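The sequence shown maps to residues 57 to 520 in our numbering. Beta carbons: idealized from backbone N, C-alpha and C, even for Gly. The structure presented is a predicted model; accordingly, all values stated were derived computationally and were not measured. These notes are about the structure you will find just below.
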Amino acid sequence: MSDIRIATPEDQILLDKEAKYCSYGDTVHYIDPPRIFSRCEGSYVWDTEDQAYLDLQMWYSAVNFGYANPRLNNALKQQIDTLPQIASQYLHKGKIELSEMIAVDAKKKFGLDGRVHFNVGGSQSIEDSLKVVRNASNGKSLMFAFEGGYHGRTLGASSITSSFRYRRRYGHFGERANFIPFPYHFRGPKGMTKEEYGSQCVKNFARLFETEYNGVWDPKTNQCEYAAFYVEPIQGTGGYVIPPMNFYSELKQVLDQHGILMVVDEIQMGFWRTGKLWSIEHFDVKPDVIVFGKALTNGLNPLGGIWAKEELINPKIFPPGSTHSTFASNPLGTAVGLEMFKMTSEVDYGAMVMAKGKYFLEGLKDLQKRYPIIGDVDGLGLALRCEICGPDGFTPDKATLDFMVDEGMKGDIEIDGKRLGLILDVGGYYKNVITLAPSLEISYPEIDLGIALLDRLLDRAMKR
């Protein structure tokens, strides 16, 4: 094992400038020293020394279709030569057609009429969804959300994100969500199947409505104090935790009974990450609101938004001026979004993702057999998890995963005579989970390479 490479003189000049002029408030300095990258293509990024890194997290699942995807890049290039920009209070063809595509798809899958409202990213779209929900519920401002859930770091999104550390420095959040346990089976009660545990979690939630003294429900009016339940169908930052398939249908029955909306956050899992356009499709429920972002434009131009049922967002209840963003529904973003929909409709994209996911998961299970520090592996499509634990295979081991991440960023792993780096993302309740979100266009040889690189990192971790 080598030490972290010393920065080139050119890079050191840039790092010195970054240290003086750039805010440290983002997440760049989770790795020290930060790496400076110069180009990207497919499943790879290259640093300024032309060292290649296989990326198995693809910008937190924003680049689902591979870096510099030629077809999506060309859609952006064509748009920039025709209508590159227009104020968001004016219409353009791309906004209308992309809204239609999303709404028609939702009607087909969920049997619900609805409309699409755009913004520039995930957190901002969460904010818009909060406005829609609060407006439709006569101003109710309290929400349910899950332990382990992540919905963004704007003020409103932070109030429904479970981590206190995202709120701690910014004063009291009087409308902080009521956080409900998520069916995290690997760390749940022993002696229950995954489905039994899911049902048990729903029963525990339903218990809140048994009596007014549980504090959320008025039995005299049958009204709940809470307007909506914000859910990530598969938890993202929480560690790609995949719930039992019966969980959301049972939960939705409780929500419908008490007039609570289900808002589905598809920002990280949407656009085929799990083998379906929306990950909630796996669970046989009809959402009331869907929030999306990230991979809609493959990371090329910020665009996110919401789809909401007609009765929540029609012009009479949500009139012009209800919310606004200068760059919402920008024509560069909508052009790429339209091309993404067209590209993925020309083949059975879901089947392709599911087949690759199954293959990748088999590789992870093989590693699990050989390395006792892998406590759990799981996956749905190409959303995969690998939980790093102590020698007992259960106690969370953040330090070992941090070591593996740092080793991967050294760019010195030798495979078949070629030096490579490996980009991993860390998630989970204990920050001990590798959350794997490779390009959906990843090849089978690249999956094999990813498994081989993980094998090398695990071997280093066991020998350190």
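Asked, Found
"Option in Val310, Asp472 and Glu74 with minimal Cα separation from Pro501", "Asp472"
"Stretch pair the region 329 to 345 + the region 440 to 451: three plus CB contacts closer than 8 Å", "no"
"Cα-Cα separation, Thr64 to Phe339", "50 Å"
"Alpha helix (DSSP H) segment containing Leu154, residue limits", "Lys149 to Phe166"
"Simplified DSSP state of Ile507, which is helix, strand or coil", "helix"
"His173 - partner residues in DSSP beta bridges", "Ile362"
"Distance, Gly389 Cα to Glu74 Cα", "29 Å"
"For Ile346, the residue or residues it bridges with in DSSP", "Val320 and Trp363"
"Ser218 to Ala201 span [Cα, whole Å]", "8 Å"
"Beta strand (DSSP E) segment containing Phe202, residue limits", "Leu198 to Phe202"
"Identity of the residue in Ile369, Glu470, Tyr222 and Leu457 nearest Arg512 by Cα", "Glu470"
"Exposure label - Tyr296; buried when at least 16 CB within 10 Å", "buried"
"Reduced DSSP category for Val258 - H, G, I as helix; E, B as strand; rest coil", "helix"
"C-beta atoms of His314 and Phe265 nearer than 7 Å", "yes"
"Cutoff 7 Å: Tyr282 Cβ touching any chain B Cβ", "Among the chains of the structure shown, chain B does not appear; only one protein chain is present."
"Per-residue DSSP class, three states only, for Ser58", "Unreliable placement is indicated for Ser58, whose pLDDT of 47 sits below 50; the coordinate value is still reported in the next sentence. Coil, per DSSP."
"Proximal residues to Asp184 (C-beta, below 7 Å), its chain only, five neighbours per side dropped", "His173, Asn175, Ile362 and Thr379"
"Cutoff 7 Å; reference Ile503; Cβ partners in own chain excluding five residues on either side", "Lys412, Tyr415, Phe416 and Gly419"
"Inter-residue spacing [alpha-carbon to alpha-carbon] between Gly33 and Lys308", "The question about residue 33 has no answer here: the residues shown for the chain are numbered 57 through 520."
"Cβ contact check for the region 395 to 409 and the region 203 to 220: 3 or more pairs under 8 Å", "no"
"Through-space distance from Pro140 to Gly467, alpha-carbon basis", "38 Å"
"Nearest-angstrom Cα separation, counted from Asp448 out to Lys519", "17 Å"
"Straight-line Cα distance separating Ile323 from Ile158", "14 Å"
"Ala517 in three-state terms, based on DSSP", "helix"
"Three-state secondary structure assigned by DSSP to Gln279", "strand"
"Given Gly477 as reference, the closest of Arg91, Asp453 and Arg263 once Cα atoms are compared", "Arg91"
"For Ile373 and Ser381, the rounded distance between their alpha carbons", "19 Å"
"Cβ pair Pro300, Glu251 closer than 7 Å", "yes"
"Member of Asn125, Asp274 and Thr83 whose CA lies at the smallest distance from the CA of Ile498", "Asn125"
"Inter-stretch contact at 8 Å, needing at least 3 Cβ pairs: the region 478 to 496 / the region 101 to 118", "yes"
"Residues near Val345 by beta carbon distance below 8 Å, same chain, minus five either side", "Ser185, Val188, Val189, Ala284, Leu317, Met318, Val319, Val320, Ile362, Trp363, Ala364, Lys365 and Leu368"
"Outcome for Phe238 when other beta-carbon atoms lying within 10 angstroms are tallied against a minimum of 16", "buried"
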